[in-house]
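*Asks:* In our numbering, the protein residues as written are 135 to 383.
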């Protein structure tokens, strides 16, 4: 029998994303009278991934033998290398030291092209900044665990083959030939984890308004992410206090 989070919990979190978008679209602009157009009104509020964050936070809090501090709301700033600080979506601390940091992002239609570029550039920049900060000892000697969750709307434009740019001076990597935007996300996050930019990542896709999600890659599945989180918790719990203290100086 598996101790992993039931699929119903993840489905509720995915449904919470769509409900959050609807709520934000309805509320956005009430205070100022200025409302964004189209789907932008739903995504500029920044709270649509709260249900997913809380589902993941419960995993970090689940082990009764270790008391981890999990932060999902408010200001979760960490020092960065190429900029003063980065505000993360979820932080995990133990005895005042950083154990893990996670980011939660999403993309819905209809503009998949520009938003795909924006999301991948954000994830690339975050990885470069956080890894360099870790290497420079800004978090102590114990390297933090970095995770990423991405939820993408399944729609004709995100599932259709995307043409590669023409007349480039060098040929593109053949792996991208015929890939949709969801396919590109799969390649992107698989490679980010493989190259050590993130310790684990999850990629979910779902039709608008639906709780039923599809995971394009086993290595980017929620089960794999949760197993990686539990392995991190087990590692921290196993460290003797004096060793942990020395590592986190």
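We put the beta carbon where it would ideally sit given N, CA and C, even for glycine.
1. Taking three-plus beta-carbon pairs below 8 Å as touching, is the stretch 276-284 in contact with the stretch 319-330?
2. Rounded to whole angstroms, what is the Cα-Cα separation between residue 214 and residue 221?
3. So, helix, strand or coil for residue 86, using DSSP?
4. Restricting to Cα atoms, I'd like to know which of 330, 192, 338 is closest to residue 260.
5. Please say whether residue 359 and residue 350 have beta carbons closer to each other than 8 Å?
6. Examine the Cβ distances between the stretch 185-205 and the stretch 355-373 and report whether three or more of them are shorter than 8 Å.
7. Can you list, in chain order, the residues of its chain with a C-beta nearer than 6 Å to that of residue 378? Leave out the 5 residues immediately preceding and following it.
8. Applying the criterion that 16 or more other CB atoms from any shown protein chain within 10 Å of the CB defines a buried residue, is residue 270 buried or exposed?
9. Do you know how far the Cα of residue 235 is from the Cα of residue 227?
10. Assuming the contact rule is C-beta atoms closer than 8 Å, residue 139 and residue 189 should be a hit. Round their C-beta distance to whole Å, please.
11. So, are the CB atoms of residue 187 and residue 224 less than 8 Å apart?
12. Starting from residue 330, follow the alpha helix (DSSP H) in both directions and report where the run begins and ends.
13. Apart from the five residues just before and just after residue 293, which ones in its own chain have a Cβ nearer than 7 Å to its Cβ?
14. Could you pull out every residue in the same chain whose Cβ sits closer than 7 Å to the Cβ of residue 209, ignoring the five residues on either side in sequence?
15. CA-CA distance, residue 339 and residue 347?
*Replies:* The relevant details are as follows:
1. Yes: the two stretches touch, three or more of their Cβ pairs being nearer than 8 Å.
2. Position 80 of the chain shown, counting from 1, holds the residue named residue 214. Position 87 of the chain shown, counting from 1, holds the residue named residue 221. Computed Cα separation, rounded: 10 Å.
3. Since the first residue of the chain shown is 135 and the last is 383, residue 86 is not available in this structure.
4. Stepping through the chain shown from its first residue, residue 260 is reached at position 126. With respect to the C-alpha of residue 260, the residue from 330, 192, 338 having the closest C-alpha is 330.
5. Along the chain shown, read from residue 1 onward, the residue named residue 350 stands at position 216. Along the chain shown, read from residue 1 onward, the residue named residue 359 stands at position 225. For residue 350 and residue 359, no; Cβs fall outside 8 Å.
6. At 8 Å Cβ cutoff, the stretches touch.
7. Looking up residue 378 in the chain shown gives position 244. Cβ within range, chain order: n/a, list empty.
8. Mapped onto the chain shown, residue 270 falls at position 136. Counting the other CB atoms within 10 Å of its CB gives residue 270 a total below 16, which places it among the exposed residues.
9. On the chain shown, residue 227 is found 93 positions in, with the first residue counted as 1. On the chain shown, residue 235 is found 101 positions in, with the first residue counted as 1. Rounded to the nearest whole angstrom, the C-alpha separation of residue 227 and residue 235 is 9 Å.
10. Taking the first residue of the chain shown as 1, we reach residue 139 at position 5. Taking the first residue of the chain shown as 1, we reach residue 189 at position 55. Contact annotation, residue 139 with residue 189: C-beta distance approximately 7 Å; criterion of less than 8 Å satisfied.
11. Against the chain shown, residue 187 aligns to sequence position 53. Against the chain shown, residue 224 aligns to sequence position 90. Yes. Within cutoff.
12. Taking the chain shown and counting its residues from 1, one reaches residue 330 at position 196. No residue range can be given for residue 330, since it is assigned to no alpha helix (DSSP H) and is classified by DSSP as neither H nor E.
13. For the purposes of this step, residue 293 is taken as residue 159 along the chain shown, with counting starting at 1. Closer than 7 Å at the Cβ level, and outside the excluded window around residue 293, lie 314, 316.
14. Within the chain shown, residue 209 is the residue found at index 75, counting from 1. So the qualifying residues of the chain are 221.
15. Within the chain shown, the letter at position 205 stands for residue 339. Within the chain shown, the letter at position 213 stands for residue 347. Straight-line measurement puts the Cα of residue 347 at about 5 Å from the Cα of residue 339.
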